[in-house]
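Below: the structure, in structure tokens.
Protein chains: 2
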Amino acid sequence: MTSETVDDQVGASIAEALATLLRRGYRENLYARLTSGLGTAVDASTYPILSGLARVGACSAAELGLEIGLDRSGVSRRATRLEAAGLLSRSPDPSDGRAVQLELTPHGHEVVSTLRTRLASEIDALFEDWTPREKHFFATGFVRFVESALFTN
Amino acid sequence: MTSETVDDQVGASIAEALATLLRRGYRENLYARLTSGLGTAVDASTYPILSGLARVGACSAAELGLEIGLDRSGVSRRATRLEAAGLLSRSPDPSDGRAVQLELTPHGHEVVSTLRTRLASEIDALFEDWTPREKHFFATGFVRFVESALFTN
DNA sequence: TATTGTTATACTCTATAACTATA
DNA sequence: TATAGTTATAGAGTATAACAATA
């Protein structure tokens, strides 16, 4: 067997694992688990708003949409739902009368904290039987993989 | 810094990379690229039908739905579209008068082959600057990661 | 004239349920 | 009675377009 054939097989195993990971059900399943019991406003649809806002800080709907890959109209609609639930606040941008700053409320920060803890706990369980060394090497490779051009939007 | 803190950071980097990979746009973007120019019946929606059928061979709509995580009604609708385009054939199951066997036509196999080549080529490009050893280790870890319980449907 | 946020509209996709045929 | 496939229906979610306010 040539080394090219081996490399083809390695590529094929990556392709297969990637396809499995991208299966429609996985994302929904994971996010449904993470957001369950946190109120009707917190679900797979509003999760990216919450986590995106926690990541980048207060910003406009257009900016947040760019960050999470969603149209500003969609951001606005979800923000309305989160605002009604008291997880997010809208305030006028002092430097631009057209713009609105979206920001997490203290309660919103609490929910994000819970979501992060849950995800961390799922990942801990997932790597339970990996050595720290194995986990570390995988993390390095995984980050490198995700940051690569294949996933450029 | 304690080793637990380090482990937390490793877990957080995995969580972040995973969230990036699961962003809605990525799947659609990749599949749109892979299926472009192969006819109106071949898109992100019918891709799983084609690749699933190539993977498991001729089977019923219910079986294929289980494989790709979709209701049999959805499988049936997509199959109708692929059948009209000549990529898929329906034939009665000799052992069960109720069932229908879905199967790729020769043209369907050609399309799947093209899709696989395109995906392999994207992955090759992605790992261009990785050593074979790095790529191999990542593949091993990635497959192990995906097969783990976090992603059980 | 261009841009921001919001809202209305049309479209896609999905699960659920209803229906027919067969086991 | 149960199961397979198909089709109809309703619901969720999205982008596009339209609108009002501001730059």
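As you go down the protein sequences, you meet chains S and Z in turn.
Last residue of the first sequence: 164 (our numbering), numbering continuous.
Last residue of the second sequence: 164 (our numbering), numbering continuous.
Note that the Cβ used here is the ideal one computed from N, Cα and C, for glycine as well.
A quick note: this is a predicted structure, and the numbers were derived from the prediction, not measured.
Item	Value
Rounded straight-line distance, which links the Cα of Ala96/Z to that of Leu33/S	26 Å
Rounded distance between the beta-carbons of Tyr37/S and Tyr58/S, thought under 8 Å	14 Å between Cβ atoms; not a contact.
Exposure of Val86/S, with buried meaning 16 or more beta-carbon neighbours within 10 Å	buried
Under the three-state DSSP convention, the category Ile25/Z falls into	helix
Amino acids of chain Z, ordered along the chain, whose beta-carbon sits closer than 9 Å to that of Ser24/S	Ala150, Thr151, Phe153 and Val154
Closest Cα partner of Lys146/S within the set Arg83/Z, Glu139/Z and Thr151/Z	Thr151/Z
Span of the beta strand (DSSP E), counted from its first residue to its last, around Ser100/Z	Leu99 to Pro103
8 Å contact criterion, which Ala90/S and Ile60/S should meet: CB distance rounded	6 Å
Under 9 Å (Cβ pairs) to chain Z, residues found in the segment 26-46 of chain S	Ala26, Glu27, Ala28, Leu29, Ala30, Thr31, Leu32, Leu33, Arg34, Arg35, Gly36, Tyr37, Arg38, Asn40, Leu41 and Tyr42
Residue-level contact to chain S via CB, Asn164/Z, 8 Å cutoff	The predicted position of Asn164/Z is uncertain, since its pLDDT is 46 and thus under 50; no value can be drawn from it.
Span separating the alpha-carbon of Gly22/S from that of Gly80/Z	24 Å
Between the CA atoms of Cys70/Z and Ser24/Z - distance to the nearest angstrom	40 Å
Rounded separation between Asp104/Z and Glu114/Z - CA only	11 Å
Nearest candidate by alpha-carbon position, reference Val17/S, set Phe148/Z, Glu158/Z, Val157/Z and Arg155/Z	Phe148/Z
Cβ-Cβ distance between Leu126/Z and Ser62/Z below 8 Å	yes
Beta bridge counterpart(s) of Val111/Z as assigned by DSSP	Pro103/Z
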